[in-house]
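Residue numbers (our numbering), protein chains in the order written: chain A, -18 to 331; chain B, 23 to 220; chain C, 23 to 662. From the three backbone atoms N, C-alpha and C, an ideal C-beta is built for every residue, glycine too. The structure displayed is predicted, hence computed values, not measured ones.
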Amino acid sequence: MGGPLELQSKVLSSSLCTGCGACTSICPYLNAVEGRAVLLEPCGREEGRCYLFCPRTEVNLPHLERRTFGALRTDPVLGFHSSVLKARAAREEVRGRAQYGGTVSSLLLHALREGKVDSVVLTGSSDGVYPEPTAARTEEEVLRCARSRYLLSPSVGEVVRLLRKEEGGRMAFVGTPCQVLALRKIQAYEEEWEVSRVELVVGLFCTWALSHRAGEFLRTKLGGRRVRRFDIPPPPANLFVAETEDGRVELPLDEVRSFIPPSCRVCFDMTAELADLSVGMVEGEEGWNTVILRSERGRELFEEASRRGEVETAPLERERLEHLREASLMKKKRSEEERERLGARYLKEV
Amino acid sequence: MKDPLNVLVVGVGGQGNLLASLLIGSAATEEGFQVSVGETYGATQRGGSVMSHLRLSRRRAYSPLMPEGRGDVLLGFEPVETLRALGTYGNPGIRVMVNPRPVYPLEVLSGQTKYPEVEKVLEAIRELSKEVVVVEATELAKEAGDARMQNVVMVGCLAASGWLPLRPESFRKVVVELFGENSPNLRALELGMAGGRR
Amino acid sequence: MSRIGLDRPGKRLLLSGNEGIARGALEAGVQVCSGYPGNPASEVVEALLEASKEFDLYVEWSTNEMVALEVAGAAAATGLRALTAMKNLGVDVCSDFLMTVNLSGTRGGLVLVTGDDPAAHSTTTELDTRNYARLADVPLLEPSTPQEAKEMTKWAFELSEELGLLCMVRSVTRLSHSRGVVELGPLHRERRKPEFAAPPPWTSGSSTFTCMFHDMLHQKMRTAAEKFETSPFNRYEGPENPDLLLLTSGPSYTYSAEAVELLGLQDSVGILKLGTTWPLPEELLFKHLSHAGGVLFVEEIDPFLEQNVKALAAEFASRGLGPLNFYGKKSGHIPAVGELNTELVLRALSGLRGVSYSPRPPEYASRGEELVSGYVPGRSMAFCPGCPHRASFWVMKRALKWDGREAVVTGDIGCYSMGLLPTGFSVEQTLHCMGAGIGTACGFGKLERFGFDRPVVSVSGDSTFYHACIPALLNAKWNSSNLLHVVLDNSTTGMTGHQPHPGSGVTASGEPSAPIRVEDLCRGIGVEVRVCDPFEVDEATRTLQEMLKGKGPRVLVLRHPCPLTEGEKRKRRPRVHVNQEKCIGEECGCMAFCSRVLGCPANIWDYPKNKAKIDEVLCTGCGLCAKLCPAGAIVVEEGG
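Now the structure itself:
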């Protein structure tokens, strides 16, 4: 347990802030500045939500898993899940606007249409570079936010804002593993807000993200062209590709990687292990997503959407599953080394 | 009358000490006294403690600051400021008229220290004074149209108290000269005078 | 009609020392008055300003004291009577001209009124301007009461004219801002016609001419000394051969007289009150020193009388003045710093005379002390409710934190000097004199080559900007110093009582005058400048943070009017109140942010409910707390 002083010393001063917005959206003493939290002055409390909710302070994974799934994981690499498979949006126009297979958009549209949720908190971007947390309520609003953002987004802050203002109704949330972790901490520890209003949490696979400073770099490199989609083609290309309104721009991946913040290097979670279901790309196959079904709620939604023909599914090939497990394990190992190096012992091992 | 008669007006920057001491001083000048009025203002007008010293004499112009322990009458716009002034200028013969409405200092607002219970402060003031009159001047000033005129209300109370060798008429004259016949200040003065007699 | 212009000789009025000085000037027929606002001298100019229409005076607030003295000096050179008034530090600013106009002289009476500030109530130094009288070799008068302030000022004009030399009148805060009964004298309404006759040129010359003028100055001062021997402003009271002689000037005289009276020492202690303190009346001093058993100097700030009289006493030894004990600042009987009062003189006297003094029963005093220390909290200065500086410093604090590098923030002179204190979130780190904020920033901003890579921010108010920041801004541009200058523009000279300045659009007397905007000035010299309203907290913070990243000189104007100006006070105030249902008090996510952090005196606390509350008597309705309340619990009702 801790308050702003501990947050400062354990997270902010080691640049481990993920910029999720969990603390800055509720506190006048913490401001979100260029993708990170800045403490103006300690409020004087010894314990506070800022520390409690932060995805880079102590994580009691077993507690969060029991709370989310009613049980502990049996798979140490991919986390609690019931199945892993391939899926894609059945509708062509959804796939056309999506990063890979459009599964996330399809599921969200389904949830909204069926009245399972009233709004969806996700991250859009008007220039294609800088992230903008958005509470979407319509099909068009959801589709406008489709495709991956590479910069850290304060989208948890948006959920918190809605919870506090008693707005947003029943919500779905789409986020990266660190954002999902923050959200699960909020749901586990917050006593006053109606946290159960976040009915569905969709996790996105994530190996790393880019700090806010990368935005300036990209904008300069792209010369103000609006970005439609960023992508990293499979190795050995070693490229970071921006598809812009005026064509394709290739950047050396290593240059872009220099903007990976320290907070990503300590992250143990590639597949958003606390989400209701997690979605990512399929290595080496355009137009499809890998889906990990985790909670009962996640599975139900997915199956219903599939029954209604919103998503098409296919089994995930064995070698692809192995590849996924390998990647996840690799991230865990790197994280452990980095945490060891920094002395950042925030994770209670499972 | 004790000569010189030493009158203190204390409050917080912004409460209108200056006008209060000008009214009392002018009334005394009107009645032929030698008057010295010392003001502690300048930067202290920004929310700090402020104090006016008035010295009335038939003999000569005294210094604008009374010596410690020699106050005869104290007009206090704020309870802890009144007590603070008593600590320095009080003596067993002093008479005090006080507005009990606190103005919280930064130290209290910032949580470094607590503002004491007003009743306790008034008790302390009573212990250190020969006579104490508590005047809800801010409330009376609201009746006159503006809570900020508590200073004029307090002067009115003092004028009617008989503690000063000055006629209430002289105060009226001074207020009319400064603000005219129909000013809310005159109303505040009259309300204070009535309140002082209550 | 103005108060000080009352045409009723013999009428007794309660006037401040400053008003007394102004009345004295009217009685002397002053025609031109200038000054720059500064505690404790501002009200001299303000009082004359009030009387300017009925007496056909020209009164101006000048951009700084240097120009002010030059304006008055020019008028006096044409034969008019002219006065300029300034605070102690103002004399530093105008000293260049002072050190030459003493040589070039004057035709009409030229009076320089200086307001010293013992204890530095509202100044950053205890500078004793009497030293300037000695340095410039000009006559110096020191009044002790408002009545004397009037008489001496009037006489200063006559003396100045007779000698052809500027004459100084030195006041101190305790006199300038105290009131006393002043008996009015006849007004002088005759208007002179200015004439500037050449030759001889009006100059302090150079080489042999300067020496000639210097010699003439000494001659003038000898004449002044002769006149001072018989001046009624020097008075003795006490026995013919006192055991102890108190030598005193200014308000210290009133403390001395009261101390002697309280101790009942009238038969053994005498007081020589000097009103003319430079040049010293040597014969008068010889006479009184010869009769005294010992001497105690009672004066404020520097040992001016003490040192100069001691030097004279060495000369007097050859005339038979015996060994004398001198007491004062050097002996430690009188404090060498701070303001004097009756207690301090009582303490010195009771020590020297072996008498005791106790104004009240000791049990009462100790009980009083006990109750005060038990109940009375400290009360430090704070920005007024509604003050735009509170918003500006919150903006600065945030932007500097956002920036994350440890910026150097240099402060300047004005209400915003309190940026050093908790009320300004302790954002500022330096404070000296007018213009020193940006001046020192020029220096900090050039240290990068030696490895000093902290951003440099300087702060000034608008009036201070016009007064002393422009040369430093030019310097920063010329030498490309890395600094961000923040002008806290409250559209007035707030600290000294809301005098207009070059940006106001009006002159001192209310004549319209095209406003000189800070941003226009900056653009004119090619300095990047932006303007924000500090109450638009987020926008202002973002702008400041962005500008911090720049190089070379940059200027950000944070503009919002002071709520205490007459115009602003007349506006209808929105009513602000707290919705206590929504207020989360001291819970996580607030922790009494409005009252505890913002520190506005109107953001008080409802202790029984442990919720925020607004003191509606103090609140000006600025709405800053409502904007920053994390729970949205503070409501502003427009048009309240």
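Interface residues of chain B facing residue i [CB-CB closer than 8 Å]
i                 : result
Pro444 of chain C : Leu128 and Ser132
Leu284 of chain C : Pro89
Ile626 of chain C : Tyr126 and Leu131
Beta-carbon neighbours of residue i, restricted to chain C and to distances below 9 Å
i                 : result
Pro114 of chain B : Arg382, Pro383 and Tyr386
Ser58 of chain B  : Thr167, Pro168, Ser200, Arg201, Gly202, Val203 and Thr276
Asn12 of chain A  : Arg420, Lys423, Trp424 and Thr563
Bridge partner(s) assigned by DSSP for residue i
i                 : result
Trp83 of chain C  : C:Gly57
Val120 of chain B : B:Gly98 and B:Val156
Pro534 of chain C : C:Val528
Ile656 of chain C : C:Val600
Thr225 of chain A : A:Val208 and A:Gly228
Cys189 of chain C : C:Val133
Cys554 of chain C : C:Leu580
Phe10 of chain C  : This structure cannot settle anything about residue 10 of chain C, because the visible part of chain C is limited to 23 through 662.
Partner residues on chain A for residue i, Cβ-Cβ distance less than 7 Å
i                 : result
Met440 of chain C : The premise fails here: Met440 of chain C is roughly 18 Å from chain A at the closest Cβ pair, so nothing lies under 7 Å.
Cys610 of chain C : Arg26, Gly29 and Arg30
Met613 of chain C : Cys24, Gly25 and Arg26
Cross-chain neighbours of residue i in chain C, by beta carbon under 7 Å
i                 : result
Gly196 of chain A : What Gly196 of chain A touches in chain C: nothing, since even the nearest Cβ is about 14 Å away.
Contact list for residue i against chain B, beta-carbon separation under 9 Å
i                 : result
Ala404 of chain C : Gly35, Arg68, Gly69, Gly70, Pro127, Leu128 and Leu131
Residue i classed as buried or exposed, judged by whether at least 16 other C-beta atoms fall within 10 angstroms
i                  : result
Thr147 of chain C  : exposed
Thr66 of chain B   : In this predicted model, Thr66 of chain B has a pLDDT of only 45, less than 50, meaning its place in the structure is not dependable; the value taken from the coordinates is given anyway. Under this definition Thr66 of chain B is a buried residue.
Gly64 of chain B   : Below a pLDDT of 50, predicted positions are generally treated as unreliable, and Gly64 of chain B, at 48, falls in that range; no measurement from the model is reported.
Tyr629 of chain C  : exposed
Val125 of chain B  : buried
Arg94 of chain A   : exposed
Gly202 of chain B  : exposed
Met174 of chain C  : buried
Gln241 of chain C  : exposed
Val31 of chain B   : buried
Asn204 of chain B  : exposed
Gly662 of chain C  : For Gly662 of chain C, the pLDDT reaches just 49, beneath the cut-off of 50, and the residue's location in the model is therefore unreliable, although a value from the coordinates is still provided. Counting Cβ neighbours within 10 Å, Gly662 of chain C comes out exposed, since fewer than 16 surround it.
Asn263 of chain C  : exposed
Met73 of chain B   : buried
Leu(-3) of chain A : buried
Arg592 of chain C  : exposed
Cross-chain neighbours of residue i in chain A, by beta carbon under 8 Å
i                 : result
Pro652 of chain C : Ile7, Cys8 and Pro9
Proximal residues of chain C, C-beta to C-beta of residue i below 8 Å
i                 : result
Arg170 of chain B : Val639
Ala83 of chain B  : Thr167, Gln169, Gly202, Val203 and Thr276
Glu149 of chain B : Arg389 and Leu393
Val19 of chain A  : Lys423, Trp424 and Gly426
Proximity test, residue i beta-carbon vs the ligand FMN heavy atom, cut-off 7 Å
i                : result
Thr62 of chain B : Absence of the ligand FMN from the depicted structure is noted, as is the absence of any ligand whatsoever, leaving it without description.
Under 7 Å from the C-beta of residue i: neighbouring residues of chain B
i                 : result
Tyr663 of chain C : Examination of residue 663 of chain C is not possible in this model, given that chain C is present from 23 through 662 alone.
Proximity test, Cβ basis, 8 Å: residue i and chain D
i                 : result
Thr364 of chain C : The displayed structure is made up of protein chains A, B and C, and chain D is not among them.
>> Would the stretch 362 to 381 of chain C count as touching the stretch 315 to 322 of chain C if we require 3 or more Cβ pairs under 8 Å?
In response: yes
State whether the stretch 233 to 252 of chain A contacts the stretch 184 to 202 of chain A, with contact taken as three or more CB pairs (one from each stretch) at a distance under 8 Å.
yes
**Report entry** Meets three-Cβ-pair contact criterion under 8 Å: the stretch 454 to 469 of chain C and the stretch 390 to 410 of chain C
**Finding:** These segments do not touch.
Taking 8 Å as the cut-off, does the stretch 516 to 523 of chain C touch the stretch 481 to 490 of chain C (at least 3 CB pairs, one atom from each stretch)? The way I'd put it, the stretch 481 to 490 of chain C does touch the stretch 516 to 523 of chain C; three or more beta-carbon pairs between them come closer than 8 Å.
- Query: Quick check: the stretch 93 to 107 of chain C against the stretch 55 to 64 of chain C, are there 3 or more CB pairs under 8 Å?
  - Reply: Verdict: yes, contact present.
**Start-end ranges of the beta strand (DSSP E) lying completely within the stretch 233 to 265 of chain C, minimum 3 residues** = Correct list: 257 to 259.
* Can you check the stretch 117 to 180 of chain A for any beta strand (DSSP E) of at least 3 residues that lies completely inside it and give the ranges in chain order? => 152 to 156
### Message
Quick test of the definition: if touching needs 3 or more C-beta pairs under 8 Å, does the stretch 608 to 618 of chain C touch the stretch 23 to 41 of chain A?
### Response
The stretch 608 to 618 of chain C is in contact with the stretch 23 to 41 of chain A.
* Is the number of C-beta pairs between the stretch 181 to 191 of chain C and the stretch 216 to 229 of chain C that are closer than 8 Å three or more? -> no
Every unbroken alpha helix (DSSP H) within the stretch 423 to 505 of chain C, with a cutoff of 4 residues, ordered by chain: 458 to 466 and 492 to 500
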